[in-house]
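*Asks:*
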Amino acid sequence: MEFQNGVQSVSFCVMGNLRRDLSSFSALVVFETAARVDNFTRAAEELGITRVSVSRQIAALEQELGVKLFLRAHRRTHLTQEGRELANIVGPNLTALAEGKRRIRSRAESQRTTVTTTTAFATYWLLPRLGDFRSAHPDVDLNLIVSDRYLDLDGDNIDLAIRYGEVLPKGVEVHRLFQEWLFPAFSPSYRATSALETPADFLDERLLHLSGLYKPIAKWPHWFHLHGLPPPDESNGIVVDAYITMIQAAIEGQGIALCGYPLVNAHLAKGTLLRPKSIAPVEREFFFLLNARPKKPSAAAFADWILQQRSGQAR
């Protein structure tokens, strides 16, 4: 027991000495830079600090060690013998520390995957399935960026993006996921004024209209024109500025939404939304998966998982 306590005491003593001896770590970094470039002004420029700060930290280190590390001359400095000895120790070890941090950070980043998609796709399709991905790939650190603005993959350091019906960028791996099909959908609690079996039946209903930057083909006027009907005035319905707001309003029985596969599949399956089977869905554009880093293992794993999910997606 005394031997163990003795070892423990020595351990505490060594750690205490280590903390004391490395208390001037920042000064050692300044010293290594000044020794390498052989000039306090250039060292200050490289470190992004003032020359006065370099001089003060070197002076403090010299006072701590009790030796001169530099001989100061007009606009020039020279390492003393003790300075050269310290430089030979500090330089390689700081380099080894920096390289070690880079290796560790590189391994961590290789397992971090950044994915971006829209609010609607994240809410209704991706998030309900992410538990499956995490179970299959617990080592992947997934960073999900939800934005209705299409982010720059390179500029924002994004690995993968799920996008809809756009001009696809070059230089990335592209997979077509599935096509969207539009149809009217409403809650079982919605009180219709007609049977809702033909497009004309929707003219006198309370419709949920999308405003803003959504494409015209996603809105009611286009749908009515496709069926040879004049669209009703928006003032007779409810205008919302977001797809997820429209879906939620429809679920709560506030009106009829123009929405579709694949985003509302789960609500149709649960019966929280209904659609008229007598009206054929309108064909729209495709969802695409863009993989900007197909050689990155974690990005490839996510892409493979998405494609597996796609294969089980029924319209």
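Be aware that the sequence shown starts at 124, since it is given in my numbering, and climbs by one per residue.
We treat Cβ as the ideally placed atom computed from N, Cα and C, and that holds for glycine.
Please read these numbers as outputs of a predicted model, since none were measured by experiment.
#1: Please classify Leu-349 as buried or exposed, where buried requires at least 16 other C-beta atoms within 10 Å of its C-beta.
#2: Using the beta-carbon count (16 or more within 10 Å), is Ile-268 buried or exposed?
#3: State the DSSP-derived secondary structure class of Ala-437, mapped to helix, strand or coil.
#4: Measure the Cβ-Cβ separation of Ile-282 and Ala-415 and say whether it is below 9 Å.
#5: Would you identify the three-state DSSP class for Leu-326, choosing helix, strand or coil?
#6: Around the Cβ of Lys-224, are there at least 16 other Cβ atoms within 10 angstroms (buried) or fewer (exposed)?
#7: Look up Leu-381 in the DSSP assignment and give the residues it is bridged to.
#8: Any heavy atom of the ligand ATP closer than 8 Å to the Cβ of Ile-268?
#9: On the CB-based measure, 16 or more other CB atoms within 10 Å of its CB, does Ser-401 come out buried or exposed?
#10: So for Trp-428, helix, strand or coil by DSSP?
#11: Roughly how many angstroms separate the alpha carbons of Arg-116 and Thr-236, rounded to a whole number?
#12: List the residues that DSSP assigns as beta-bridge partners of Phe-409.
#13: Answer with buried or exposed for Gly-351, where buried requires no fewer than 16 other C-beta atoms within 10 angstroms of its C-beta.
#14: Give me whichever residues DSSP pairs with Leu-194 in a beta bridge.
#15: Could you tell me which residues DSSP pairs with Glu-296 in its beta bridges?
#16: Tell whether a beta-carbon distance below 9 Å holds between Phe-244 and Val-405.
#17: Let me know if Glu-222 comes out buried or exposed under the rule of 16 or more other beta-carbons within 10 Å of its beta-carbon.
#18: Could you pull out every residue in the same chain whose Cβ sits closer than 7 Å to the Cβ of Pro-339, ignoring the five residues on either side in sequence?
#19: According to DSSP, simplified to helix, strand and coil, what is Ile-285?
#20: Where DSSP assigns a beta bridge to Asp-264, which residues make up the other side?
#21: How many Å lie between Met-138 and Ser-147 at the Cα?
#22: Can you check whether the CB of Arg-286 is closer than 9 Å to the CB of Thr-242?
#23: Between Thr-239 and Ser-270, which are expected to be in contact by the criterion C-beta below 8 Å, what is the C-beta distance as a whole number of angstroms?
#24: Restricting to Cα atoms, I'd like to know which of Leu-391, Glu-168, Val-153 is closest to Ser-445.
#25: Run through DSSP, which three-state label would Val-387 get?
#26: Could you tell me which of Ser-334, Thr-218, Leu-253, Ser-258 sits nearest to Asp-364, measuring between CA atoms?
#27: With DSSP collapsed to three states, give me the class of His-332.
#28: Using a threshold of 9 Å, state whether the C-beta atoms of Val-263 and Ser-421 are closer than that.
#29: Identify whether Gly-139 lies in helix, strand or coil by the three-state DSSP scheme.
#30: Judging by CA-CA distance, which residue of Leu-151, His-197, Arg-252, Gly-171 is the nearest neighbour of Leu-220?
*Replies:* The short version:
#1: So Leu-349 ends up on the exposed side.
#2: When all chains shown are included, Ile-268 counts as exposed.
#3: Its pLDDT being 46, under 50, Ala-437 is placed unreliably in this model, and the value from its coordinates should be taken loosely. Looking at Ala-437 - three-state DSSP - the assignment turns out to be coil, as it is neither helix nor strand.
#4: Residue identity differs from the one stated: residue 282 is Asp in this sequence, not Ile. Their beta carbons are under 9 Å apart, which means Asp-282 touches Ala-415 by this criterion.
#5: In the three-state scheme derived from DSSP, where H, G and I count as helix and E and B as strand, Leu-326 is classed as coil.
#6: Exposed: under 16 other Cβ atoms inside 10 Å.
#7: In DSSP, Leu-381 forms a bridge with Pro-307.
#8: This structure does not include the ligand ATP; it has no bound ligands of any sort.
#9: Classification of Ser-401: exposed, given that the 10 Å Cβ count is below 16.
#10: Note: Trp-428 maps to helix in three-state DSSP.
#11: Since the first residue of the chain shown is 124 and the last is 438, residue 116 is not available in this structure.
#12: BP columns for Phe-409 point to Gln-302.
#13: Exposed, since its Cβ has fewer than 16 Cβ neighbours within 10 Å.
#14: Leu-194 pairs with His-201.
#15: Residue pairing for Glu-296: DSSP places it in a beta bridge opposite Asn-414.
#16: Contact flag unset, no.
#17: Classification for Glu-222: exposed.
#18: Closer than 7 Å at the Cβ level, and outside the excluded window around Pro-339, lie His-345.
#19: Strand.
#20: Partner(s): Arg-235.
#21: With a pLDDT of 40 at Met-138, under the threshold of 50, the modelled position of that residue is not reliable, and the figure given next carries that caveat. If you take the alpha carbons of Met-138 and Ser-147, they lie about 15 Å apart.
#22: Result no, Cβ atoms of Thr-242 and Arg-286 do not sit closer than 9 Å.
#23: That pair is a contact at about 6 Å.
#24: Nothing about residue 445 can be reported from this structure: the residues present for the chain run from 124 to 438 only.
#25: The three-state secondary structure of Val-387, taken from DSSP, is coil.
#26: Selected option, being the one with the closest Cα: Ser-334.
#27: In this structure, DSSP gives His-332 an extended state, which the three-state scheme calls strand.
#28: Yes, they are a contact pair.
#29: Unreliable positioning characterises Gly-139 in this predicted model, as indicated by a pLDDT of 46, which lies under 50. The coordinate reading is nonetheless provided below. Here Gly-139 sits in helix by DSSP.
#30: Among Leu-151, His-197, Arg-252, Gly-171, the Cα nearest to that of Leu-220 is on Leu-151.
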